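S.K.:
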Amino acid sequence: MIHAIEQFAAIAATVLFIFALYWMNDPKTARRGVYAGVAGMAVAIAATWIQPEIIHHAWILLAIAAGFAVGVPLSRVPLTAVPQRTALSHAFGGLAAGLVGTAEYYLWLHEGPEQFTIFRMSALVVEIILGFLTFTGSLMAAGKLQEVRWIPQRPVTYLGQNFVNLGVLAAAVVLGVLLVLYPTAAWAGRAFPLIIALALLFGILLIIPIGGADMPTVISILNSYAGLAAVAMGFVLDSKLLVTAGALDGSSGLILSIIMCRAMNRSFTNVLFGAFGSVKKVKAGGEQKEWKQESVEGAAQLLEQASQVVVIPGYGMAVAQAQHKVRELYDQLTKRGVTVRFAIHPVAGRMPGHMNVLLAEADIPYPALVEMDEINPEMPQCDVALVIGANDVVNPAARTVTDSPIYGMPIIEADKAKTVLAIKRSKNPGFAGIDNELYVQDNTWMLFGDAKSVIGELVKQFAGSGFH
Ligand code: NAP
2 MIHAIEQFAA IAATVLFIFA LYWMNDPKTA RRGVYAGVAG MAVAIAATWI
52 QPEIIHHAWI LLAIAAGFAV GVPLSRVPLT AVPQRTALSH AFGGLAAGLV
102 GTAEYYLWLH EGPEQFTIFR MSALVVEIIL GFLTFTGSLM AAGKLQEVRW
152 IPQRPVTYLG QNFVNLGVLA AAVVLGVLLV LYPTAAWAGR AFPLIIALAL
202 LFGILLIIPI GGADMPTVIS ILNSYAGLAA VAMGFVLDSK LLVTAGALDG
252 SSGLILSIIM CRAMNRSFTN VLFGAFGSVK KVKAGGEQKE WKQESVEGAA
302 QLLEQASQVV VIPGYGMAVA QAQHKVRELY DQLTKRGVTV RFAIHPVAGR
352 MPGHMNVLLA EADIPYPALV EMDEINPEMP QCDVALVIGA NDVVNPAART
402 VTDSPIYGMP IIEADKAKTV LAIKRSKNPG FAGIDNELYV QDNTWMLFGD
452 AKSVIGELVK QFAGSGFH
């Protein structure tokens with residue numbers, strides 16, 4: 002009976018996980034997707050817990066309480082911290098897989114040599130190597146994104162680095178293969194912790210040469226490693242549900258990494274070994290041009306006289322939490338008959354869908370959000386491109402400067418609009434660390450300041466008497 006319930010629960014949880022991913026494809030159904038994922042996980046935990054050999058272990062309640070104690074505060078982080086929060090979850094996932102693998106190995110040693118088949122032992126070695134390297138790699142990635150003081154943001158590189166890194170991984174793999182072949186040898190008990198140490202070290206070394214800008218992509222690659230570690234754990238524990246859930250996790254992480262790499266026109270090897278972000282300020286070319294400033298009143302006038310306005314939000318809108326003010330501006334302009342649309346770049350902000358989530362939070366109608374490929378052909382007809390805290394995703398250097406680190410990345414072509422209004426706090430570059438010609442082109446006017454307060458001032462202009 003219990004076995005039948007377990008089988009049924011495994012199918013139900015798998016279906017819920019698949020629907021969770023499917024629903025998360027669209028902002029309209031994303032919330033339902035989250036609930037489906039939570040329900041799937043609850044079913045999986047309950048089905049595991051009711052096993053006769055597990056049900057009497059009341060201490061599992063303690064583990065569940067500890068999970069809540071960590072998980073609830075993690076769920077409350079601001080949206081800008083979600084990438085590092087996600088990295089922390091992967092770190093926990095990797096650690097769990099690594100610890101379960103370790104416990105299982107010593108249990109098998111205790112139970113006798115008949116437990117060690119080549120297949121189970123291979124899965125176990127894969128599980129601990131991937132689990133532990135995901136643990137330290139994800140912690141490092143979270144630290145870089147959180148700008149922890151003692152973890153350098155910029156890529157740290159040295160001669161022969163890839164050789165050293167691959168050497169450490171190769172040593173772990175060779176020891177792992179030996180352990181698969183001779184799992185009960187006298188030295189095996191000592192080799193096992195050594196494999197763990199090498200995997201932990203490799204996780205750190207893997208992240209050191211990668212710059213902060215690439216962390217979101219790296220996190221999603223680590224997500225797929227954590228998924229693969231869970232698949233291996235599923236084979237070790239003979240759990241079909243873990244195998245399917247891990248495979249879903251691993252493949253979705255991989256697909257997300259591929260989407261991000263494509264949107265940045267980068268390859269996997271370039272992200273992992275390209276030391277992107279170490280480049281010092283690269284000039285966008287030409288002689289030094291002047292930055293022209295516009296007053297809030299002047300900007301409000303330009304916006305009011307426009308018939309087509311395209312808002313291009315970026316990371317700065319997220320930092321300023323300006324989305325609600327942006328909504329007010331949207332209302333004021335549409336009330337005056339101005340057509341306002343939002344151009345969404347796939348890697349604007351610090352995680353895929355970052356802008357969609359923020360704008361949805363402010364209840365901006367979804368049809369007003371337009372994908373990059375769709376809006377670009379219409380940019381020459383746009384009267385005002387209002388850039389709010391976006392930089393790299395509107396940098397024309399991506400089209401023209403062949404030695405620029407963002408060369409080839411598709412951008413929103415704000416520079417083709419009749420007039421550009423750009424809001425940012427300073428003349429500092431964006432995440433890729435390069436100058437942006439857009440801000441100094443003839444038809445661009447800067448509104449320096451925090452995005453929330455500048456947009457707030459603009460809204461006041463419209464709400465006040467001057468603009469009807
Ligand atoms: P960005 O290039 O990082 O530029 C953000 C701009 O916002 C900065 O120039 C900054 O200028 C401004 N800013 C910051 N705080 C502000 C505030 N409070 N008010 C007003 N402005 C503010 O951002 P992006 O154009 O969105 O480009 C995203 C970058 O992240 C790309 O390089 C992309 O490749 C990378 N990336 C994204 C993802 C993803 O999934 N989204 C993944 C991997 C990498 P000031 O400091 O002068 O204010």
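Numbering (my numbering), first residue to last: 2 to 469. Just so you know, even glycine gets a beta-carbon here, dropped at the ideal spot from N, CA and C. Since the structure is predicted, the reported quantities are computational estimates derived from the model, not experimental observations.
To the nearest whole angstrom, what separates the beta carbons of residue 385 and residue 422, a pair I think is in contact under 8 Å?
M.R.: Rounded, the Cβ-Cβ distance is 6 Å, consistent with contact.
S.K.: Can the beta-carbon of residue 203 be found less than 8 Å from the beta-carbon of residue 134?
M.R.: yes
S.K.: Name the two residues that bound the continuous alpha helix (DSSP H) containing residue 389.
M.R.: From DSSP, residue 389 is part of no alpha helix (DSSP H) but of the beta strand (DSSP E) over 385 to 389.
S.K.: Where residue 210 and residue 270 are concerned, what is the direct C-alpha to C-alpha distance, given to the nearest angstrom?
M.R.: 12 Å
S.K.: Just reading off the beta strand (DSSP E) that residue 371 is part of, what are its end residues?
M.R.: First-last of the beta strand (DSSP E) with residue 371: 370 to 372.
S.K.: Assign residue 50 to buried or exposed, taking buried as 16 or more other Cβ atoms, counted over all protein chains shown, within 10 Å of its Cβ.
M.R.: exposed
S.K.: I'd like the ranges of any beta strand (DSSP E) spanning at least 3 consecutive residues and lying wholly in the stretch 154 to 215.
M.R.: none
S.K.: So, for residue 281: in the same chain, excluding its five sequence neighbours on each side, which residues have a beta-carbon less than 6 Å away from its beta-carbon?
M.R.: Any reading at residue 281 needs caution, since the residue's pLDDT is 45, under 50, leaving its predicted position unreliable; the model's value is listed next. There are no such residues.
S.K.: Please list, in chain order, all residues of the same chain as residue 326 whose beta carbon is under 7 Å from its beta carbon, the five residues on each side excluded.
M.R.: 453, 456, 457, 460
S.K.: Would you be able to state if there are at least three C-beta pairs under 8 Å between the stretch 8 to 21 and the stretch 38 to 52?
M.R.: Cβ pair count under 8 Å is three or more, so yes.
S.K.: So is residue 78 buried or exposed if we call it buried at 16+ other beta carbons inside 10 Å?
M.R.: With a threshold of 16 other beta carbon atoms within 10 Å, residue 78 falls short and is exposed.
S.K.: Where does residue 118 land, buried or exposed, given buried means 16+ other C-beta within 10 angstroms?
M.R.: exposed
S.K.: Output yes or no for whether 8 Å exceeds the beta carbon distance between residue 353 and residue 261.
M.R.: yes
S.K.: Could you check how far apart the C-beta atoms of residue 208 and residue 138 are, in whole angstroms? I think they sit under 8 Å.
M.R.: 5 Å
S.K.: Return the chain-ordered ranges of every alpha helix (DSSP H) run that is complete within the stretch 226 to 279 and spans a minimum of 4 residues.
M.R.: 241 to 264, 269 to 274
S.K.: Identify whether residue 411 lies in helix, strand or coil by the three-state DSSP scheme.
M.R.: coil
S.K.: So the beta strand (DSSP E) residue 446 belongs to, where does it begin and stop?
M.R.: From DSSP, the beta strand (DSSP E) with residue 446 extends over 445 to 449.
S.K.: Decide if the stretch 291 to 310 is in contact with the stretch 219 to 238; the criterion is three or more beta carbon pairs, one per stretch, under 8 Å apart.
M.R.: No, the stretch 291 to 310 is not in contact with the stretch 219 to 238.
S.K.: In the DSSP assignment, find the beta strand (DSSP E) that holds residue 314 and state where it starts and stops.
M.R.: Unbroken beta strand (DSSP E) run through residue 314: 309 to 314.
S.K.: For residue 24, which residues in the same chain have their Cβ closer than 8 Å to its Cβ, ignoring the five residues on either side in sequence?
M.R.: 30, 31, 33, 34, 37
S.K.: Does the distance between the C-beta of residue 218 and the nearest non-hydrogen atom of the ligand NAP fall short of 7 Å?
M.R.: For the ligand NAP, at least one heavy atom lies less than 7 Å from the Cβ of residue 218.
S.K.: Is DSSP giving residue 402 helix, strand or coil here?
M.R.: coil
S.K.: Contact check, residue 348 vs residue 81 under 8 Å by CB: the rounded distance?
M.R.: Residue 348 to residue 81, Cβ: 15 Å. No contact.
S.K.: Please list, in chain order, all residues of the same chain as residue 123 whose beta carbon is under 7 Å from its beta carbon, the five residues on each side excluded.
M.R.: 181
S.K.: At a cut-off of 7 Å, would you count residue 312 as near the ligand NAP, judging by its Cβ distance to the nearest heavy atom?
M.R.: no
S.K.: Taking the alpha-carbon positions, what's the residue 128 to residue 97 distance?
M.R.: For residue 128 and residue 97, the gap between their C-alpha atoms comes out near 10 Å.
S.K.: Within 7 Å: the Cβ of residue 9 and any heavy atom of the ligand NAP?
M.R.: Distances between the C-beta of residue 9 and the heavy atoms of the ligand NAP are all 7 Å or more.
S.K.: The ligand NAP and residue 416: does any heavy atom of the ligand fall closer than 7 Å to the residue's C-beta?
M.R.: The ligand NAP never approaches residue 416 closely enough for any of its heavy atoms to be under 7 Å from the residue's Cβ.
S.K.: In the DSSP assignment, find the unbroken alpha helix (DSSP H) run with residue 146 in it and report its ends.
M.R.: For residue 146, the enclosing alpha helix (DSSP H) stretches over residues 119 to 146.
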